[in-house]
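Protein chains in written order, with this note's numbering: chain A, 1 to 200; chain B, 201 to 400.
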DNA sequence: TACAGTAGAGAACGATGGTTCTCCAGGCAA
DNA sequence: TTGCCTGGAGAACCATCGTTCTCTACTGTA
């Protein structure tokens, strides 16, 4: 029998391509079969159901995505640079052909309301990203609250880039991130005053 | 014959409830029939296909959403307050029971890859929101670039609130927005320096 | 050569979905 | 009253989907 692991890899590669580009419900197991070159029988030997394939697809994507991000960030030396590198990496991601947003946001929107498992994967993925970014931010000596704000910039850039079809949001988010880092830098005190300076 | 307009309203109300909470493909026309109290025959008299119903649902949601936002913002007097009011409105939106993110982001993720019409509605909706927010920002005397950054904060808050199930992202986004408005205020010059202050 | 086990190709099956059709009840003009 | 139109309820129809089954070909072994 051909290597089980290799076959799983083939299936998941095909599934990722299809699920990401067309959405999950729009892709039948027949399409996965054609794209992967595996037989339906083999597919169901490797994954007991489509749901299982979907969850594996998400897990695999989560791992790869975070690895790719960390790899890019690790190339930088200072903590500040590492934070900025997150947004630079977003830019290269957005520029990939076929970029269509975050697979977790997309599958949450599509299936989060009817599949608790899918919703949980999305939560886990976003939580991991948040923890990662907050760690980078606190390494610069700035508060976790800034990390949460940068998460919002990154998430906003991800969906805006997908819908508008440009990678510009990454640059805008990076610039905003730099301003916020400046606002939270020691020169301005650890806790910039956001209380009502605009009136009300 | 019962009022055509009233029947359409009934159908759209039911469709919105179902599509938003469960996703579009997961909701059959049978479910819309049951929820709306209309017969299938009547439904197909009012909308030639499910696709037409979906597009009408999106158009209607776009109108209502922007109206609700504008209504909240209009209650404020100063331009700065109006910008902040956007994020306060997000907070009340996120706090609604059954909040599950932006219907346009969700349907873009679900159908954007296979339905150009749905993708176009998402683009239009986001473009309108962007234009609105940029107009509010430029009314304060600040550059449009800040508006784009605030859009990212808002979009990020929308999806983060949906996936985490909290309304806290609205507050975080509002605080970040205040800091960015401060950074762009006349005291700091019209164009804050974001060039490489973090090195590299 | 005979045989057991595995895999591939694709038909088959049961469920569901979008869409249409049938049949019947009720209102209303002549 | 009679005939006609509209609408409701739901069956019917056809395609698709997830999943399983059948049949055949092949490989390795005694």
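Glycine residues also receive a C-beta, built at the ideal position from the N, C-alpha and C atoms.
For residue i, decide whether its Cβ has a neighbour in chain B, counting only Cβ atoms nearer than 8 Å.
i: residue 148(A); result: yes
i: residue 166(A); result: no
i: residue 11(A); result: no
i: residue 61(A); result: no
i: residue 111(A); result: yes
i: residue 49(A); result: no
i: residue 197(A); result: Only weak support is given to the placement of residue 197(A): the predicted model assigns it a pLDDT of 42, under 50, and the value that follows is read from those uncertain coordinates. Output row for residue 197(A): interface = yes.
i: residue 141(A); result: no
i: residue 180(A); result: yes
i: residue 123(A); result: yes
i: residue 106(A); result: yes
i: residue 42(A); result: no
i: residue 97(A); result: no
Could you give the distance in angstroms between the alpha-carbon of residue i and the alpha-carbon of residue j?
i: residue 165(A); j: residue 150(A); result: 22 Å
i: residue 227(B); j: residue 248(B); result: 17 Å
i: residue 56(A); j: residue 359(B); result: 23 Å
i: residue 262(B); j: residue 318(B); result: 12 Å
i: residue 383(B); j: residue 346(B); result: 10 Å
i: residue 334(B); j: residue 278(B); result: 15 Å
i: residue 172(A); j: residue 92(A); result: 14 Å
i: residue 381(B); j: residue 53(A); result: 46 Å
i: residue 109(A); j: residue 316(B); result: 18 Å
i: residue 45(A); j: residue 7(A); result: 10 Å
i: residue 29(A); j: residue 210(B); result: 36 Å
i: residue 114(A); j: residue 232(B); result: 16 Å
i: residue 161(A); j: residue 260(B); result: 24 Å
i: residue 136(A); j: residue 37(A); result: 42 Å
i: residue 168(A); j: residue 20(A); result: 21 Å
i: residue 130(A); j: residue 203(B); result: 51 Å
i: residue 51(A); j: residue 98(A); result: 24 Å
i: residue 106(A); j: residue 306(B); result: 6 Å
i: residue 138(A); j: residue 75(A); result: 18 Å
i: residue 80(A); j: residue 185(A); result: 11 Å
i: residue 352(B); j: residue 152(A); result: 7 Å
i: residue 344(B); j: residue 332(B); result: 11 Å
Does chain A have any CB closer than 8 Å to the CB of residue i?
i: residue 351(B); result: yes
i: residue 372(B); result: yes
i: residue 268(B); result: no
i: residue 223(B); result: yes
i: residue 294(B); result: no
i: residue 355(B); result: yes
i: residue 214(B); result: no
i: residue 376(B); result: yes
i: residue 301(B); result: yes
i: residue 338(B); result: no
i: residue 369(B); result: yes
i: residue 328(B); result: no
i: residue 383(B); result: yes
Using the rule of at least 16 other Cβ atoms within 10 Å of the residue's Cβ for burial, across every protein chain shown, is residue i buried or exposed?
i: residue 340(B); result: buried
i: residue 296(B); result: exposed
i: residue 39(A); result: exposed
i: residue 470(B); result: The structure shown does not extend to residue 470(B), since chain B is modelled only from 201 to 400, so the question has no answer here.
i: residue 101(A); result: buried
i: residue 5(A); result: exposed
i: residue 348(B); result: buried
i: residue 241(B); result: exposed
i: residue 64(A); result: exposed
If you measure between the beta carbons of residue i and residue j, is that distance less than 8 Å?
i: residue 363(B); j: residue 123(A); result: yes
i: residue 222(B); j: residue 287(B); result: no
i: residue 67(A); j: residue 73(A); result: no
i: residue 69(A); j: residue 89(A); result: yes
i: residue 156(A); j: residue 215(B); result: no
i: residue 321(B); j: residue 258(B); result: yes
i: residue 94(A); j: residue 176(A); result: no
i: residue 18(A); j: residue 35(A); result: yes
i: residue 284(B); j: residue 342(B); result: no
i: residue 164(B); j: residue 325(B); result: This structure leaves residue 164(B) out entirely; chain B is present only between 201 and 400.
To test your reading of the DSSP string, which unbroken alpha helix (DSSP H) runs of 4 or more residues are found completely within the stretch 128-187 of chain A? Runs of the alpha helix (DSSP H) lying entirely within the stretch 128-187 of chain A and spanning at least 4 residues, in chain order: 144-164, 168-183.
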